[in-house]
Amino acid sequence: QVQLVESGGGLVQPGGSLRLSCAASGSIFGINVMGWYRQAPGKQRELVASITSGGSPNYADSVKGRFTISRDNAKNTMYLQLNSLKPEDTAVYYCNARKSLLSYWGQGTQVTVSS
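Using this note's numbering, the first residue of the sequence shown is number 4, and each one after it goes up by one.
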């Protein structure tokens, strides 16, 4: 089993920044791709960004140039730097880790962008 715990969400004004963290524990050996997803009220969960164990990132078009995903394998932690936030970025952000055929999720952290 892999446990994922997100932190760093909150309320921020448009144009502001936040940094999300996802700490992994448990049977973390063999985790390959990790990613951040988000789900806004009434919408489906969508991929925001992902990163391989080798550090190759992938971003949704809506966040390219604004969000940066990174991963510290020594600390078993993944990060998402959110800059130039927009009201449409408001959602619950979830951490995901894939290991072989299994997929693990964190409990989510709320990001609210509002003036």
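Glycine is no exception: its CB is placed at the ideal position from the N, C-alpha and C atoms.
- Its chain contains Tyr-97 and Asn-99 as the residues whose beta carbon lies nearer than 6 Å to that of Trp-108, once the 5 sequence neighbours on both sides are disregarded; these appear in chain order.
- Taken through DSSP and simplified to helix, strand or coil, Pro-60 comes out as strand.
- Note that the segment 35 to 46 does not touch the segment 11 to 19; fewer than 3 beta-carbon pairs, one per stretch, sit closer than 8 Å.
- The segment 72 to 89 and the segment 49 to 58 touch, with three or more beta-carbon pairs separated by less than 8 Å.
- Distance from the CA of Gln-47 to the CA of Thr-112, rounded to the nearest whole angstrom, comes to 16 Å.
- For the options Ala-94, Gln-84 and Leu-50, the alpha carbon positioned closest to that of Asp-64 is the one of Leu-50.
- With contacts defined as CB atoms closer than 8 Å, Ser-103 and Gly-33 qualify as a contacting pair.
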